[in-house]
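Below is one structure; the comments refer to it alone.
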């Protein structure tokens with residue numbers, strides 16, 4: 001039989017993975033070069049300011065070598081195709097000239113594509129304020145999952161107060177409820193512990209943090225920084241549903 005649920009008062013803090021609050025930024029990859037160009041603009045809570053179009057060290061050498069290898073492979077494949085198409089056009093002088101011109105255009109386009117990293121989607125998220133500066137940002141929780149915001153069933157959403165969110169959920173068929181991600185002291189609340197938080201909804205312990213210590217503190221993931229600032233930090237009633245033994 002699973003452990004019985006119980007209720008206790010906890011100090012809950014809302015947090016988000018918004019770039020202003022965390023150490024990442026949207027960036028444009030510069031292909032095999034070890035740089036990216038930040039695309040964000042604004043001031044972080046730490047006081048540092050993010051300016052657009054300022055190159056920074058991007059990522060490690062292994063990733064740059066991968067870009068270079070993919071670019072070279074694309075160049076080789078496109079060049080081979082251009083040569084093969086030229087062989088089919090041999091004959092008249094005009095056809096030979098057209099084939100030579102076509103091969104030149106394809107080779108230049110392939111070289112340019114390899115240079116700017118066109119073999120992969122060029123825009124991604126990168127660390128910016130930590131010792132991981134320049135590395136791609138994953139944003140995963142300590143349990144290896146992507147954080148999720150609590151979401152009630154669509155029948156409890158008022159389309160008049162948030163018409164855009166309501167329409168988005170209707171169009172994407174996201175009608176059901178979703179348990180959000182909670183950070184807690186996993187020595188007290190192991191991964192998989194479900195919690196019903198007063199005024200917020202249901203969540204699951206999927207993360208831990210250095211400042212979340214003891215059984216009376218939790219962090220609640222929300223999607224937007226504005227929502228995190230609105231909720232702030234407060235004491236709330238939480239109903240804890242421990243996971244079954246052995247999980």
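Numbering (the UniProt record's numbering), first residue to last: 1 to 247. Glycine included, every Cβ here is placed at the ideal spot set by N, Cα and C.
Of the listed residues 167, 176 and 48, nearest to residue 128 (C-alpha basis): 48
3-residue-minimum beta strand (DSSP E) runs that sit fully inside the stretch 121 to 190, ordered along the chain: 123 to 127 and 180 to 184
Residue 118 to residue 240 span [Cα, whole Å]: Legend: pLDDT at residue 118 = 46, less than 50; position of this residue unreliable, value from coordinates given subsequently. Each residue's Cα considered, the two are about 49 Å apart.
Cβ-based burial, residue 184 [other Cβ within 10 Å; buried from 16]: buried
Contacts around residue 153, its chain only, beta-carbon distance under 8 Å, and the 5 residues preceding and following it disregarded: 175, 176 and 177
Of the residues 162, 26, 216 and 199, the one placed nearest residue 231, counting alpha carbons only: 199
Segments of 3+ residues assigned as beta strand (DSSP E) that fall wholly inside the UniProt domain "3D" (181 to 240): 194 to 197, 201 to 207 and 217 to 221
Three-state secondary structure assigned by DSSP to residue 19: coil
Cβ-Cβ separation, residue 236 to residue 12 (assumed contact under 8 Å), whole Å: 5 Å
Spatial distance of residue 15 from residue 77 (CA atoms): 47 Å
Beta carbon of residue 201 nearer than 9 Å to that of residue 221: no
Candidates 17, 37, 130 and 225: closest to residue 122 by CA position: 37
Cβ-Cβ separation, residue 137 to residue 24 (assumed contact under 8 Å), whole Å: 4 Å
Nearest neighbour of residue 17, chosen from 28, 146 and 10 [CA to CA]: 146
One or two residues paired with residue 248 in a DSSP bridge: Within the shown structure, residues of the chain are numbered from 1 to 247, placing residue 248 beyond reach of any answer.
Alpha carbon of residue 53 to alpha carbon of residue 125, nearest angstrom: 14 Å
Cβ-Cβ distance between residue 9 and residue 238 below 9 Å: yes
Residue from 171, 149, 188 and 233 whose Cα sits closest to the Cα of residue 181: 149
Residue 118 (DSSP reduced to helix, strand or coil): Bear in mind that the predicted position of residue 118 carries a pLDDT of just 46, short of 50, making it too unreliable to give a figure here.
Spatially closest choice to residue 218 from 160, 131, 196 and 227, by CA coordinates: 196
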